[in-house]
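Per the working numbering: the sequence shown = residues 631 to 913.
Single-structure report; data block below.
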Amino acid sequence: MVISIASGKGGTGKTTVACGLASVTNNCVYIDCDVEEPNGHILLKPKITLEESSYKIIPKINNDLCNFCNKCTEVCEFNALLNFKTEIYLIDELCHSCGACTYFCPQKAITEVKKENGKIRIGETSNNILFYDAYLKVGEASAAPLIKKVKNAYKGDRPVIIDSPPGTSCSMLEAVKDSDFCVLVTESTPFGFNDLKLAINVLRQINIPYGIVINKYDENFSLLDEYIHDNQLNLLLRIPFRMDIAESYSKGELPTETVKDYKVMMLDLLEKIKKEIVKKEYA
């Protein structure tokens with residue numbers, strides 16, 4: 631069972647929901663894929679037992695062998711290679727490590743070398759949640775290769791909770807793809823409403839089943855409720871906009887441990903997700 635937690639925008643409370651869900655899921659794995667600003671460790675407080683460098687593969691061009699035929703620049707979808715006729719220049723920030731340039735080079739003038747793109751950390755919490763997160767190296771433009779690595783670092787069969795980066799970019803796509811179910815966390819604001827629609831469109835295109843959690847729910851903002859009702863969307867949970875919940879996570883405390891009914895809400899959310907996954911399997 632792989633459950634991803636995503637949001638169209640930052641600040642909706644996605645990580646709070648992801649950590650809360652992990653805390654009520656028995657023997658689970660939490661993977662923080664928000665590698666540009668991971669913060670799940672603040673709430674879950676794992677004991678880190680391993681930290682290791684992560685590397686991406688980039689091409690290295692031997693200009694003595696190259697005849698500047700332009701094949702490598704033609705097959706590079708991300709325009710990371712430039713042909714100056716006297717050398718092939720790599721913009722490694724744009725490189726996605728696909729290997730196409732190496733594979734198609736007629737002169738075999740391209741080899742692959744490793745470049746560090748971040749760190750991966752592994753640990754465990756006091757209540758036996760296996761914890762993974764990663765930090766993108768400062769100046770590294772593409773988060774997707776590191777997200778893919780931290781996702782693939784766990785090889786077991788425990789339930790997996792993936793905390794996705796906010797937004798609807800390549801980073802979010804890499805985090806949520808292959809999920810059995812995605813929880814979209816939004817908020818009762820015009821920005822939350824607008825970006826929820828963008829996130830829904832992405833998930834529909836990649837065919838990931840999803841449900842919606844409205845965090846910091848405000849009944850006076852009716853547009854969001856009307857949209858969900860009119861489009862027959864799957865509303866999983868409304869989390870009220872309350873001071874005790876806000877105080878808990880602002881102190882770096884997990885609301886499932888400090889707010890009495892928050893744990894009940896997370897248990898209810900987990901049961902609804904399980905039913906949706908079973909429904910998908912038998913569809």
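Idealized CB from N, CA, C, for every residue including glycine.
Quantities reported herein were computed from a predicted structural model and do not represent experimental measurements.
- Counting only the Cα atoms, Cys800 lies some 15 Å from Asp825.
- Secondary structure remark: continuous beta strand (DSSP E) runs of at least 3 residues inside the segment 711-754, in chain order: 711-713, 718-720, 740-754.
- Shown here, Gly670 sits in a helix according to DSSP, grouped into three states.
- In this chain, the beta strand (DSSP E) harbouring Phe761 covers 760-766.
- Counted as a single uninterrupted DSSP element, the beta strand (DSSP E) harbouring Ile687 occupies residues 677-691.
- Taken atom to atom, the span from the alpha-carbon of Ile844 to that of Thr816 is near 5 Å.
- Bounds of the alpha helix (DSSP H) holding Asn782 are 774-782.
- The C-alpha of Lys778 lies about 25 Å from the C-alpha of Lys910.
- If you draw a straight line from the Cα of Gly641 to the Cα of Asn757, it is about 26 Å long.
- In terms of Cβ geometry, Ile792 and Lys807 do not form a close pair [threshold 8 Å].
- Counting other Cβ atoms within 10 Å of its Cβ, Asp662 reaches 16 or more and is therefore classed as buried.
- Within 10 angstroms of the beta-carbon of Cys649 lie 16 or more other beta-carbons, which makes it buried.
- Taken through DSSP and simplified to helix, strand or coil, Pro820 comes out as helix.
- Gly841 is bridged by DSSP to Val813.
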